[in-house]
Each structure stands twice: as structure tokens, then as C-alpha cells.
Amino acid sequence: MAGLVQIASVSTAARVPASLNAISSDLSGSRLASIAPSRARVQCGVTYAPPSTARLELLREAEERFARVERQPTEGVAFTALEFEEALEKYDFNFDIGDKVRGVVFKADNAGALIDIGAKAPALLPLAEACLFRLKNMSDTGLVPGMEAEFVVVDEDDSQGRMIVSLRKLQYDLAWERCRQLVADDVTVRGTVIAVNRGGLLVEVEGLRGFVPLSQIGLRAAKEDLVGARIPLKFLEVDEERTRLVLSNRRAVAASHAQSLQVGDVVVGRVQSLKPYGAFVEIGGVNGLLHISQISHDRVTNVESVLAEGDQLKVMVLSFDSERGRVSLSTKKLEPTPGDMLRNPQLVFDKAEEMAATFKERVAAAEAAARAEEARLQQEGFGLDATLGAPAGLDPAFPSPF
């Protein structure tokens, strides 16, 4: 029919690679529509014309080229696209919580740091996880781009699909290990008092929170005045499983006096408190016990009848236990005559050094006598062996009958 154009709808189901967005051609003056990817139905609003041989050949060539890219290495590449995809699938990008990983810092700001740990996406190191100590700025951690360090995975991903890593957790574990070693070596450390309560002091030592019981405070200052101060401490208990860290300031103070404080020394102290069994006397930062039996040669039934809190007096060091931080004191050994501490305490204090010197002489003489006796016993023992080995009048080679 002249003047009429026949409109035909042609449908085809060709499998076209996704990488080919469109193939357009102008055959014999006719417009052909684009061929959509992946088995899409192609609608052609054109005058019907049978598919030409040239067009089909072009389509076959395109499919063959795409297949070669999938299955064969391209020039200069030793693997195919499929092999590369399979290799990526085999590579373990999955990390579990608790895994230790090495990574490189490539960005850091106050929000945190991005760490390349070899995963599909960078891991995040939040500021709160960057250090065992509380810090306000990431720059205070010393982490800079390009620095390599070990981290531990603490969360699988955040809202942006990134794993969360931590330095603080590693430092926390190392801090407990260090505390255990310090206990074994009986080392004195310094800790910062961060708070006080009815039971004692809360301190920070080696980055961990610890507790100093009231009975283990050896400083004269009120505990409230110690907040913010750095004080010497010794470990009493380290229990990571129970997160329990108990320390003693008294033992640390006592240990600091161990080198200069000797038995027989006369020191000046002040009575801190009175108990039914004696008085606690502070001497150079150490609380020593003046037992009721060591106040005087005469019998004392009531400590308060002889001493009062705040009294200053001279005492002699009777014994010193650096391990337990305990010092035993005596005024009894300083009495010129028995009972002087009850009748005339000032006379005792005036004669203290003289009486202490006499006491030291007696102690030295007693120690010398003990050493001589020990040597004599050892010598007699060796002589007995010799006598038994070769009785008088017998050949030394003759077997002993004893």
C-alpha cells in the first residue's frame, strides 16, 4: 500500500555481555535500537528488516571477545579476570574479635586513626582505644601516618563497615604482665592518687586502677590532701582475673628507710594513735609500734597513763621488717634505771643516745660471742670426724670401728 509505513515490533533474546552498553548500527538507512545487556528484550520501533549477516557477525565477535577477557590472560597480565576474582575470594579478609594484626597508619586526627591492616577497607582506631591513658588529642599518642604497629581487633565493624582496632587493649594486657613482674621483683613504683573513699585511696599505676587500703597509707598528710599527688607504692596483690590491684604506701615508705634505719638507732617520733596494746609512733614517714611491753621495765597497764596523741618522744629501733613495712620501737631499752619512763620521761630522752650506744655494744658483744660459739662447735665437729677417722695409736689407713 503506497504511502503507508508498516510498523513492526521485533523481539529478540540475545545474551549480550554486561560490559557492552550498546551496539548501534545504520544498515541500509534503517535505525536499529540499542541492544541492552544481559538477555534483555530489545524493542525496535523501526521498519521491519531481517537481521543482516553483518549485524549477526558483529554480535558474535563481541561475545567472543568478552569470553576471551573472562577466560584468557590479556596482554601483559599473567591471570584471567576469573582467576583474579577467585583469588580474592580465597584471600581471608575476615578477622575475629581478639585477633592481633599489624597495620600501617595512613590518616590520623582527633576522631581517630585509619589503619591499613590488609583488609578490604581500612580499620578505625578511635581516640579512646589509642592509649591506655586518657588523652585529649590523637597527636599525644605519637601515632603518625606511615607508622607501623600491632593492634587487636575489638569490634567487627562500625556503622560504615570498618573494623575497630585497639592499642589500649594490648597496652592493658602488657600493664598487667608488668605488674606481675614488679611484684616478683618487689619493686617500688609511683602512682597517682585519683580519688579517696572511706576505705582508702584510688590510685593509677602503670595505667591501671589500684586501691590502697587505709591501713596501708604511711604518709602523714590527710588522705583528701593526697588527691593528684604521686606517692611511692608497693604491690600487695595483683589479680587480673578479678581486676584486683591492691597496693601499700606504708611498705614503700618503710622500704625507702631500710638502708638508713638500723636496729639500735635512736629516732625522734610523734605519737599518732593509742591502742590498748601500745602506741603507733610516726618516724620519718613510717608508723612504728611502741608495744605496751616496750614502754618501761616497770609494768604498764594503761598506755594512756603514760602517753598521749601528739606527744613527741625519742624511741629506739628494736626491729625492722622491710618486707611487711613494720617497725618495732622501744623506750624501755633507753631507761637509765628501770621505771624512769614512768617517773621521769625527760631523763630517758636526755640519756637516749648514751643508752642506745650501750645497747649496741651489748648487742655487738652478744653477736661476737654467738659467732665464736658457732665456730667452736664447727671446729669440734671437724675434730670429732678426724678422731673417729684415725683413733690414737692406729694407722690412719686402718678402717675406723666407729
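Sequence positions in the sequence shown follow this note's numbering and run 34 to 435.
Glycine included, C-beta positions come from ideal geometry on N, C-alpha and C.
No experiment lies behind these values; they were computed from the predicted model shown.
- Query: Can you check whether the CB of L340 is closer than 7 Å to the CB of A312?
  - Reply: One-based indexing of the sequence shown puts residue 312 at position 279. One-based indexing of the sequence shown puts residue 340 at position 307. Closer than 7 Å, so yes.
- Task: Sort out for me which residues DSSP pairs M349 with in a bridge.
- Result: Position 316 of the sequence shown, counted from the start, is the residue given in the question as residue 349. Its beta-bridge partners are V299, S363.
- Could you check the C-alpha separation between V134 and E189 for me, to the nearest Å? Within the sequence shown, residue 134 is the residue found at index 101, counting from 1. Within the sequence shown, residue 189 is the residue found at index 156, counting from 1. Roughly 13 Å separates the two Cα atoms.
- Item | C-alpha gap between V245 and D258, whole angstroms | Here residue 245 is taken as the residue at index 212 of the sequence shown, counted from 1. Here residue 258 is taken as the residue at index 225 of the sequence shown, counted from 1. If you take the alpha carbons of V245 and D258, they lie about 15 Å apart.
- Use the C-beta contact count for E337: other C-beta atoms within 10 angstroms, 16 or more gives buried, fewer gives exposed. Walking along the sequence shown from the start, residue 337 turns up at place 304. Answer is exposed; the Cβ neighbour count stays below 16.
- Query: D354: buried (16+ other C-beta within 10 angstroms of its C-beta) or exposed?
  - Reply: Within the sequence shown, numbered from 1, the residue matching residue 354 stands at position 321. The residue is exposed, with fewer than 16 neighbouring Cβ atoms inside 10 Å.
- Task: Since I believe K256 is in contact with A285 (beta carbons under 8 Å), could you give me their beta-carbon distance rounded to a whole number of angstroms?
- Result: Looking up residue 285 in the sequence shown gives position 252. Looking up residue 256 in the sequence shown gives position 223. Not a contact, Cβ separation roughly 16 Å.
- Item | Minimum C-alpha distance to E342 - residue among V348, Q305, H330 | Locating residue 342 in the sequence shown gives position 309, where the first residue counts as 1. When only C-alpha atoms are compared, the closest one is Q305.
- Message: If you follow the beta strand (DSSP E) that N230 is in, where does it begin and where does it stop?
- Response: Here residue 230 corresponds to residue number 197 of the sequence shown, with the count starting at 1. Looking at the DSSP string, the run of the beta strand (DSSP E) that includes N230 is 222-230.
- Message: To test your reading of the DSSP string, which unbroken beta strand (DSSP E) runs of 3 or more residues are found completely within the region 246-298?
- Response: 263-272, 277-281
- Taking all protein chains shown into account, decide if V296 is buried (16 or more other Cβ within 10 angstroms of its Cβ) or exposed. Residue 296 sits at position 263 when you count from the first residue of the sequence shown. Exposed, by the Cβ-count rule.
- Item | CA nearest to the CA of L207, picked from C164, A408, S172, M171 | Residue 207 sits at position 174 when you count from the first residue of the sequence shown. For L207, the nearest C-alpha among the options comes from C164.
- Query: Is the region 178-186 touching the region 208-225 in the sense that three or more CB pairs, one from each, lie closer than 8 Å?
  - Reply: no
- Item | G224, buried or exposed, once every other Cβ within 10 Å from all chains shown has been counted against 16 | Mapped onto the sequence shown, residue 224 falls at position 191. G224 is buried by the Cβ-count criterion.
- What separation, rounded to the nearest whole angstrom, lies between the Cα atoms of L380 and D373? Reading the sequence shown from its first residue, position 347 is the one you call residue 380. Reading the sequence shown from its first residue, position 340 is the one you call residue 373. Computed Cα separation, rounded: 7 Å.
- Helix or strand or just coil, what does DSSP make of V392? For this step, residue 392 is matched to residue 359 along the sequence shown. Checking the sequence, you will find Phe at residue 392 rather than Val. Three-state result, F392: helix.
- What three-state label does DSSP hand P159 in the structure shown? Within the sequence shown, residue 159 is the residue found at index 126, counting from 1. In the structure shown, P159 sits in a strand (DSSP, three-state: E or B).
- Using a Cβ-Cβ cut-off of 7 Å (strictly less than) and excluding sequence neighbours within five positions of P265, which residues of its own chain qualify? Against the sequence shown, residue 265 aligns to sequence position 232. Excluding sequence neighbours, P265 sits near T221, R223, N282, A285, V286, S289.
- Closest Cα partner of D298 within the set R263, M349, E162: Taking the sequence shown and counting its residues from 1, one reaches residue 298 at position 265. When only C-alpha atoms are compared, the closest one is M349.
- What number of angstroms, rounded off, separates the C-alpha of D219 from the C-alpha of S352? Here residue 219 is taken as the residue at index 186 of the sequence shown, counted from 1. Here residue 352 is taken as the residue at index 319 of the sequence shown, counted from 1. Spanning the two alpha carbons is a distance of roughly 21 Å.
- Message: If I measure Cβ to Cβ from F128 and keep anything under 8 Å in the same chain, skipping five residues before and after, which residues do I get?
- Response: As a position in the sequence shown, residue 128 is number 95, starting the count at 1. If we look at F128 and ignore the five residues flanking it on each side, its Cβ neighbours are V134, I150, A152, V186, E189, M196.
- Option in V333, S329, L346, N335 with minimal Cα separation from G321: Looking up residue 321 in the sequence shown gives position 288. G321 has its Cα closest to that of L346, out of V333, S329, L346, N335.
- So what does DSSP say about S306, is it helix, strand or coil? Locating residue 306 in the sequence shown gives position 273, where the first residue counts as 1. In this structure, S306 counts as strand in the three-state DSSP scheme.
- Message: Helix, strand or coil for A144? Go by DSSP, reduced to three states.
- Response: Stepping through the sequence shown from its first residue, residue 144 is reached at position 111. A144: coil per DSSP, three-state reduction.
- Item | Outcome for S199 when other beta-carbon atoms lying within 10 angstroms are tallied against a minimum of 16 | Start at 1 with the first residue of the sequence shown, and residue 199 comes out as number 166. Per the 10 Å Cβ criterion, buried.
- Own chain partners of F139 with C-beta closer than 8 Å, once the 5 adjacent residues on each side are dropped: Within the sequence shown, the letter at position 106 stands for residue 139. Cβ within range, chain order: L147, I148, D149, P155, P178, G179.
- Query: Alpha carbon to alpha carbon, what distance is there between L176 and A141?
  - Reply: In the sequence shown, counting from the first residue as 1, residue 141 sits at position 108. In the sequence shown, counting from the first residue as 1, residue 176 sits at position 143. Answer to the nearest angstrom: the Cα atoms are 7 Å apart.
- Query: Does the beta-carbon of Q249 have 16 or more other beta-carbons within 10 angstroms, so that it is buried, or is it exposed?
  - Reply: Stepping through the sequence shown from its first residue, residue 249 is reached at position 216. Buried is the call here.
- Query: Around the Cβ of V368, are there at least 16 other Cβ atoms within 10 angstroms (buried) or fewer (exposed)?
  - Reply: Residue 368 sits at position 335 when you count from the first residue of the sequence shown. According to the sequence shown, residue 368 is Glu rather than Val. Per the 10 Å Cβ criterion, buried.
- Measuring CA to CA, which of V226, N335, V301, E387 is closest to L307? Looking up residue 307 in the sequence shown gives position 274. Among V226, N335, V301, E387, the Cα nearest to that of L307 is on N335.
- Message: Please state whether the Cβ-Cβ distance between R323 and L278 is less than 7 Å.
- Response: Taking the sequence shown and counting its residues from 1, one reaches residue 323 at position 290. Taking the sequence shown and counting its residues from 1, one reaches residue 278 at position 245. It is worth fixing the name first, because residue 323 is Leu in this sequence and not Arg. No, the pair does not count as a contact, with Cβ atoms beyond the cut-off.
- For R302 versus V319, is the C-beta spacing smaller than 7 Å? One-based indexing of the sequence shown puts residue 302 at position 269. One-based indexing of the sequence shown puts residue 319 at position 286. What sits at residue 302 in the sequence shown is Gly, not Arg. In this structure, V319 does not lie closer than 7 Å to G302 by Cβ.
- If A262 and V226 are in contact, beta carbons under 8 Å, what's the gap, nearest whole angstrom? For the purposes of this step, residue 262 is taken as residue 229 along the sequence shown, with counting starting at 1. For the purposes of this step, residue 226 is taken as residue 193 along the sequence shown, with counting starting at 1. Confirmed, Cβ separation roughly 5 Å.
- Item | Where the alpha helix (DSSP H) through L375 begins and ends | The residue labelled residue 375 in the question sits at position 342 within the sequence shown. Counting along the chain, the alpha helix (DSSP H) containing L375 begins and ends at 373-376.
- Task: Please determine, among L269, I316, A390, E387, the residue with the shortest C-alpha to C-alpha distance to A217.
- Result: Taking the first residue of the sequence shown as position 1, residue 217 is located at position 184. Checking every option, the nearest Cα to that of A217 belongs to L269.
- Message: Taking only three categories from DSSP, how would you classify E342?
- Response: Numbered from its first residue, the sequence shown carries residue 342 at position 309. E342: coil per DSSP, three-state reduction.
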